[in-house]
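The next block holds one structure in the form of C-alpha cells; read it before the comments.
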C-alpha cells in the first residue's frame, strides 16, 4: 500500500474532503484499513491545513478516491518544504549545542526520507522542556499536552514530566493548589484539542480506537502485528533469538509483560524526580524514561529511538560521550530500514556531517574533557558500527538466514542501549546524593 509518503497524502485527502466527525470513522468513503488516521487530533488538524495548501497548487493530489497512490513533483516538493520549515530555525549563528539538537541526522533522515512529522511533536516537547526549565510549569504542561496530542509516542516522556512536576509541586507552600492548577491546564488543553469529538461518546471512542489502536479496531493495530516487527533494537526483538515470544505467549499476556517491564524500568527515574526534583534531574529523567519505553514497550518502531535522542542532545555539553554513543548506535539501528528506503547516500552524508560538527575544533570549551576510558569506548563503538556497516553492505547472508546481519546489528545496538540505560540511571540517582549534600550544607549555615 505504498509508503509513508502516501499516508501523509491520504490524511490530507481525508481531512480536506470529509467533515471532521468522519475523520476517524470507518465508512465507505474512509477505509481505515488503508492508511487510516492513527494519530491524535492535532496531527489531523495539521493534515487538514496542509491539505488546503496542497489543494490550491495540485488539486488532483487530494481528490477523494482517485488520488490513491498519486505522486507528483509538486506534492513531494510540498512535503519536504513543510518539513524543512518545521525543522530549521530563523537564526543562522547557532551555538554548537543548538546545532546538535536541530541537525540531528536521525530526525532529518526519518522525517525527510521516511516522510514523517516527528519534528513537530519533538519540537513541542523541546518547547515544553524550555518552559519548565524557565519555571513556567503551566506553559510547559500545555506544550507537552500538545505534543501528546500530535503523536502519542510523546508518552515516552510522560513519567519524567509527571515525576518532576509532582515533586516540585509538593515542595510549594500550597501543594494541593499547585497540583490542581497543573490538572486544570492538562484537562483544558486536551478538551480544546478534542473538542470536535466531545459531542458524543461514540465520536470520542472512534478517535480513541484509532489512536490507542485497540485489538479488533479498524486501524492497523500494533497489537495485531505482535510485540515486535522487523528488527528493532529493543528487549523483545533481541531476546526473541532465544525466547520465541510470539509463539509461546498470547498477545494479551505479552501486553501485560511489556507494560510491567516498561513501568518497572521507569519507576526508579520517576521516584528520583519526585524525591529530588532538579532541572538537571529532569533532563536525565526524560532520557531514562524514553529509553525505557524504547527498550520494553509493545510494538516499537525503529524511528522511536528519536525520542531518547532528544533529551540526550540536551545533555550533549555535559555528557558528550553518552550523546555521541547513543547517536552512533541509533544511526546503526535504523540503517537497515533506511537502506530499504534507498537512503544510503543521504545516510552516509549526514553521518559524516554529524562527525565533522561534533568534533569541530574550538567548540565545547566548557564541556568536561572525556577521560581515556570514555574516549576508548566511544572509538570502539564507532569502529564496531563501521565494521557492521561494511559487512551489511558487502557480504551476502546465507540463504538459510537471509536476515542474519539485521539480527546482528539489532543485538549489538540493543546491548549498547542497555549499557547506556544502566549508566544513565546511576548518574540520575547520583544527583539525589549531591542534592542532599547541598541541602545539608545550607541548613548548617
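In the working numbering, the protein residues as written are 866 to 1310.
Glycine included, every Cβ here is placed at the ideal spot set by N, Cα and C.
Could you round the C-beta distance between residue i and residue j to whole angstroms and report it? I think they count as a contact, below 8 angstroms.
i            : j            : result
residue 1212 : residue 974  : 6 angstroms
residue 1180 : residue 1187 : 7 angstroms
residue 1047 : residue 1006 : 6 angstroms
residue 1062 : residue 1072 : 5 angstroms
residue 911  : residue 982  : 7 angstroms
residue 1004 : residue 1012 : Going by Cβ atoms, the distance from residue 1004 to residue 1012 rounds to 13 angstroms, so no, they are not a contact pair.
residue 1289 : residue 1182 : The Cβ separation is near 16 angstroms, so there is no contact.
residue 926  : residue 919  : 6 angstroms
residue 891  : residue 1178 : No, residue 891 and residue 1178 are not in contact; Cβ-Cβ is about 39 angstroms, not under 8 angstroms.
DSSP three-state call for residue i: helix, strand or coil?
i            : result
residue 879  : helix
residue 1290 : helix
residue 1014 : helix
residue 895  : strand
residue 1161 : helix
residue 1223 : helix
residue 873  : helix
residue 1000 : coil
residue 915  : helix
residue 1297 : helix
residue 1167 : helix
residue 1110 : helix
residue 1181 : coil
residue 930  : coil
residue 981  : coil
residue 1054 : helix
residue 1064 : coil
residue 1279 : helix
residue 1216 : helix
residue 1037 : coil
residue 901  : coil
residue 1084 : In this predicted model, residue 1084 has a pLDDT of only 41, less than 50, meaning its place in the structure is not dependable; the value taken from the coordinates is given anyway. Reduced to three states, the DSSP call for residue 1084 is coil.
residue 1206 : coil
Are the beta-carbon atoms of residue i and residue j separated by less than 8 angstroms?
i            : j            : result
residue 1139 : residue 971  : no
residue 1162 : residue 1127 : yes
residue 1154 : residue 993  : no
residue 1191 : residue 1210 : no
residue 1015 : residue 1041 : no
residue 917  : residue 885  : no
residue 1272 : residue 1096 : yes
residue 1156 : residue 1297 : no
residue 1250 : residue 1223 : no
residue 1274 : residue 1258 : no
residue 978  : residue 1264 : no
residue 1255 : residue 1270 : no
residue 1159 : residue 1148 : no
residue 1202 : residue 1243 : no
residue 1293 : residue 1246 : no
residue 905  : residue 1017 : yes
For residue i, count the other beta carbons within 10 Å of its own beta carbon; 16 or more makes it buried, fewer makes it exposed. Which is it?
i            : result
residue 861  : Since the first residue shown for the chain is 866 and the last is 1310, residue 861 is missing from the structure and cannot be characterised.
residue 1146 : buried
residue 1142 : buried
residue 1266 : exposed
residue 1279 : buried
residue 1238 : exposed
residue 877  : buried
residue 931  : exposed
residue 1164 : buried
residue 1106 : exposed
residue 1208 : buried
residue 1261 : exposed
residue 1053 : exposed
residue 1115 : exposed
residue 1119 : buried
residue 1169 : buried
residue 898  : exposed
residue 1099 : buried
Look at the alpha carbon of residue i and the alpha carbon of residue j, and state the distance between them as a whole number of angstroms.
i            : j            : result
residue 924  : residue 1064 : 32 angstroms
residue 896  : residue 887  : 11 angstroms
residue 1216 : residue 1068 : 45 angstroms
residue 1035 : residue 1045 : 12 angstroms
residue 922  : residue 915  : 11 angstroms
residue 1031 : residue 1136 : 11 angstroms
residue 1056 : residue 1019 : 18 angstroms
residue 1049 : residue 1043 : 10 angstroms
residue 1129 : residue 894  : 43 angstroms
residue 1028 : residue 1123 : 21 angstroms
residue 875  : residue 1111 : 32 angstroms
residue 907  : residue 1059 : 9 angstroms
residue 1291 : residue 1117 : 33 angstroms
residue 1092 : residue 1113 : 12 angstroms
Is there a C-beta anywhere in chain D that falls below 8 angstroms from the one on residue i?
i            : result
residue 1260 : Of the protein chains in this structure there is only one, and it is not chain D.
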